[in-house]
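Counting from 1, position 188 in the sequence shown corresponds to residue 188 in UniProt numbering; the numbering is continuous, with no gaps.
We put the CB at the ideal spot given by N, CA and C, even for glycine.
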Amino acid sequence: MQRLKKREKLMFLLNHSPDKTGMSPGTLIHTGERKAENVHVSSILYNETLFEEKEIIAEQCLLKQDNSILWIHIKGLHNPDIINSIGQSFSIHNLVLEDILNTAQRPKIEEYDECLFVVLKSFRTDKDSDKILTEQISIIMGENFVISFQESSDEIFNQVRKRLENKTGRIRKMKSDYLAYALMDTVIDHYFSVIESLENQVETIEDTLIKDPSVQALENIYYLKQEVLFMRKAVKPVRDMIYKLERMESGFINDTTRIFIRDLYDHSIQTTDSLETLREITSSLLDLYHTSVSSRMNEVMKVLTIISTIFIPLSFIAGVYGMNFKYMPELEFKWGYLIVWILIVSTSLSMLTFFRKRKWI
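(1) So, for R34: in the same chain, excluding its five sequence neighbours on each side, which residues have a beta-carbon less than 6 Å away from its beta-carbon?
(2) Here's a check: name, in chain order, each residue in its chain whose Cβ is nearer than 8 Å to the Cβ of H40, leaving out the five neighbours to either side.
(3) For the structure I just gave you, are there three or more beta carbon pairs, one from the region 278-291 and one from the region 252-261, closer than 8 Å?
(4) Given that a residue counts as buried once 16 or more other Cβ atoms are within 10 Å of its Cβ, and exposed if not, what is R247?
(5) Determine the direct distance from the alpha carbon of F117 to that of E111, and round the result to whole angstroms.
(6) Count the other C-beta atoms from every protein chain shown that fall within 10 angstroms of the C-beta of M11, then say buried if there are 16 or more, exposed otherwise.
(7) Go ahead and label F157 buried or exposed: buried means 16 or more other beta carbons lie within 10 angstroms of its beta carbon, across all protein chains shown.
(8) In or out: I342 buried (at least 16 other Cβ within 10 Å) or exposed?
(9) Using the C-alpha atoms, what's the distance from L275 back to I195?
(10) Drop a sphere of 10 angstroms on the beta-carbon of W335, count the other beta-carbons inside from all chains shown, and report buried for 16 or more, exposed for fewer.
(11) Start and end of the beta strand (DSSP E) containing I44?
(12) Using 9 Å as the threshold, is the C-beta distance between N220 and I242 below it?
(13) At the level of alpha carbons, what is the spacing between residue 377 and E151?
(14) Does the beta-carbon distance from D177 to H267 come in below 9 Å?
(15) Shortest alpha-carbon distance to I146 belongs to which of I44, N324, D81, A104?
(16) For V146, which residues does DSSP report across the bridge?
(17) Below 9 Å between beta carbons: does that hold for H68 and N84?
(18) Scan the region 281-347 and note each continuous alpha helix (DSSP H) run of 4 residues or more that stays entirely inside, going in chain order.
(19) Roughly how many angstroms lie between the CA atoms of L50 and E165, to the nearest whole one?
(20) Sort out for me which residues DSSP pairs E196 with in a bridge.
(21) In its own chain, which residues sit with a C-beta less than 6 Å from the C-beta of S42, not counting the 5 before and 5 after it?
(22) Name the one or two DSSP bridge partners that T134 has.
(23) Compute the Euclidean distance between the alpha carbons of residue 398 and L314, then round it to the nearest angstrom.
(24) What does the Cβ neighbour count give for M1, buried or exposed, with the cut at 16 atoms within 10 Å?
(25) Between M323, I317, N298, E332, which lies nearest to S348 when the distance is taken from Cα to Cα?
(26) What number of angstroms, rounded off, separates the C-alpha of Y312 from the C-alpha of K302?
(27) For I29, count neighbouring C-beta atoms within 10 Å of its own C-beta (all shown protein chains included) and say buried if the count is 16 or more, exposed if not.
(28) Based on the DSSP output, what are the partners of T31 in its beta bridges?
(29) Tell me the rounded alpha-carbon separation between T125 and E299.
(30) Could you tell me if N324 is buried or exposed, where buried requires 16 or more neighbouring beta carbons within 10 angstroms of its beta carbon?
(31) What residue from F149, D130, F90 has the CA that sits closest to E227's CA?
(32) Taking the alpha-carbon positions, what's the E135 to D207 distance?
(33) Whole angstroms are fine: how far does the CA of F355 sit from the CA of V345?
(34) Please classify I361 as buried or exposed, where buried requires at least 16 neighbouring CB atoms within 10 angstroms.
(35) Just the Cα atoms here: how many angstroms apart are E37 and Y222?
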């Protein structure tokens, strides 16, 4: 069932994603699934003493005071005109805007004259179904501005916004590179939550396999394995990307922020190692499933063998006295029928007692 749903989703994306074959580089076309009802643009202008938050339209995305940091956040990527308008306001290269609209991008970091461009994959767990949901996060960092893009309308960066509003920690005192770090750190923190959910699913499946290794349990194993492999494929490049960011000699990254990026790199290693461990565990779950099924089959075969073994002497007794010979002394005996039943019952009980002593049952 899960494979069928994934196949249907893949066919939907193939049928509804525009074909960009033959188009010139930098052509702005949204490719991927529409995950937000409307495109929502918000801005936060802040410094150590200032905090201004408001919803804006694309044409209002302009830089202001030099001593302030401007954070523009866009939810929804299905309107290329809005993305293009924002890009023009900040002189962003069209290749960057094209990558933002292409939601099948691999996690990466690129440096341009006017900005640093970062692509990440965000993961979260659906509370109702435990299904893993993913979307692409793009971050543009300039001298005194940060622009972030996400596919859905989820409040992924709500904690960062609250830290800015409540003046929590050092974020209001730092430059735009620290804000970009905070956004990336939030995305990676979500990885740990998803990994914890996957670990809980593994424990549930393990208990199920021991008690009832059903076909549904096997389907759950395959689905879980696919989720782990998919997330691992998306998270592994993040580690290399953050390592490159930490080592990059860029004027957009301050030395004070580089220390935090190094810590972010450690977190990315932890997530990669955890996913690698989960991958090995899901593979071992298949072995556990086959072992449990074989064990249950052996139990069934043992019971059937014991029943067959008990009935062998009983069949012999019944066969002997079922022969149609004319002269069989026992057939004329008054208590012959009762004696045969006593013999049958005593033979069965003797065999059962013997089996129990040998701990075969």
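Taking the coordinates as given:
(1) Working through the sequence shown from its first residue, we reach residue 34 at position 34. Here the set comprises H78.
(2) For the purposes of this step, residue 40 is identified with residue 40 of the sequence shown, where counting begins at 1. So the list reads E55, I74, K75, G76, S153, once near-sequence residues are dropped.
(3) Cβ pair count under 8 Å is below three, so no.
(4) Here residue 247 is taken as the residue at index 247 of the sequence shown, counted from 1. Counting Cβ neighbours within 10 Å, R247 comes out exposed, since fewer than 16 surround it.
(5) Taking the first residue of the sequence shown as position 1, residue 111 is located at position 111. Taking the first residue of the sequence shown as position 1, residue 117 is located at position 117. Approximately 6 Å between the Cα atoms of the pair.
(6) The sequence position of residue 11 within the sequence shown is 11, counting from 1. Confidence at M11 is low in this model, with a pLDDT of 45, below 50, so the placement of that residue is unreliable and no value is reported for it.
(7) What you label residue 157 is simply residue 157 of the sequence shown in a count that begins at 1. With a 10 Å radius around the Cβ and a threshold of 16 neighbouring Cβ atoms, F157 comes out buried.
(8) By 1-based counting over the sequence shown, the position of residue 342 is 342. It is exposed - the Cβ of I342 has fewer than 16 other Cβ atoms within 10 Å.
(9) Position 195 of the sequence shown, counted from the start, is the residue given in the question as residue 195. Position 275 of the sequence shown, counted from the start, is the residue given in the question as residue 275. About 7 Å.
(10) The count along the sequence shown starts at 1 and reaches residue 335 at position 335. By the 10 Å Cβ count, W335 comes out exposed.
(11) Counting from 1 along the sequence shown, the entry for residue 44 is found at position 44. Start and end: 40-46.
(12) What you label residue 220 is simply residue 220 of the sequence shown in a count that begins at 1. What you label residue 242 is simply residue 242 of the sequence shown in a count that begins at 1. Cβ distance not < 9 Å, so N220 and I242 don't count as in contact.
(13) Since the first residue of the chain shown is 1 and the last is 361, residue 377 is not available in this structure.
(14) Taking the first residue of the sequence shown as 1, we reach residue 177 at position 177. Taking the first residue of the sequence shown as 1, we reach residue 267 at position 267. Against a cut-off of 9 Å, the Cβ pair of H267 and D177 comes out as no contact.
(15) As a working note, residue 146 is residue 146 in the sequence shown. In the sequence as presented, Ile is not what sits at residue 146; that position holds Val. The shortest C-alpha separation from V146 is found at I44.
(16) On the sequence shown, residue 146 is found 146 positions in, with the first residue counted as 1. DSSP lists W71, M141 as partners of V146.
(17) Working through the sequence shown from its first residue, we reach residue 68 at position 68. Working through the sequence shown from its first residue, we reach residue 84 at position 84. Sequence inspection shows Ser at residue 68; the His mentioned does not correspond to that position. No, Cβ-Cβ distance for S68 and N84 is not below 9 Å.
(18) Complete alpha helix (DSSP H) runs here, min 4: 329-332.
(19) What you label residue 50 is simply residue 50 of the sequence shown in a count that begins at 1. What you label residue 165 is simply residue 165 of the sequence shown in a count that begins at 1. Going from the Cα of L50 to the Cα of E165 covers about 9 Å.
(20) Here the question's residue 196 lines up with position 196 in the sequence shown. BP columns for E196 are empty, so no partner.
(21) Locating residue 42 in the sequence shown gives position 42, where the first residue counts as 1. Counting only Cβ-Cβ distances below 6 Å, and skipping sequence neighbours, we find E55, H73.
(22) Locating residue 134 in the sequence shown gives position 134, where the first residue counts as 1. The partner list for T134 (beta bridge, DSSP) reads F123.
(23) Look at the range of the chain in this structure, 1 to 361, and you will see that residue 398 is not part of it.
(24) As a position in the sequence shown, residue 1 is number 1, starting the count at 1. Caution is warranted here: a pLDDT of 48 is assigned to M1, below 50, making its placement in the model unreliable, and the coordinate value is therefore given only provisionally. So M1 ends up on the exposed side.
(25) On the sequence shown, position 348 is the one that residue 348 refers to. The candidate whose alpha carbon is nearest that of S348 is I317.
(26) Translated into the one-based positions of the sequence shown, residue 312 becomes position 312. Translated into the one-based positions of the sequence shown, residue 302 becomes position 302. It is Ile, not Tyr, that sits at residue 312 in the sequence shown. So the two alpha carbons sit approximately 15 Å from each other.
(27) Along the sequence shown, one-based indexing puts residue 29 at 29. By the beta-carbon neighbour count (other beta carbons within 10 angstroms, threshold 16), I29 is exposed.
(28) Within the sequence shown, residue 31 is the residue found at index 31, counting from 1. According to DSSP, T31 shares a beta bridge with N102.
(29) Here residue 125 corresponds to residue number 125 of the sequence shown, with the count starting at 1. Here residue 299 corresponds to residue number 299 of the sequence shown, with the count starting at 1. Rounded to the nearest angstrom, the two C-alpha atoms are 39 Å apart.
(30) If you number the sequence shown from 1, residue 324 lands on position 324. Classification of N324: exposed, given that the 10 Å Cβ count is below 16.
(31) For the purposes of this step, residue 227 is taken as the residue at position 227 of the sequence shown. Nearest in C-alpha terms to E227, of all of F149, D130, F90, is D130.
(32) As a working note, residue 135 is residue 135 in the sequence shown. As a working note, residue 207 is residue 207 in the sequence shown. Just so you know, the alpha carbons of E135 and D207 end up roughly 32 Å apart.
(33) By 1-based counting over the sequence shown, the position of residue 345 is 345. By 1-based counting over the sequence shown, the position of residue 355 is 355. In a straight line, the C-alpha of V345 is about 15 Å away from that of F355.
(34) Locating residue 361 in the sequence shown gives position 361, where the first residue counts as 1. Exposed.
(35) Counting from one through the sequence shown, the residue named residue 37 turns up at place 37. Counting from one through the sequence shown, the residue named residue 222 turns up at place 222. The C-alpha of Y222 is placed about 32 Å away from the C-alpha of E37.
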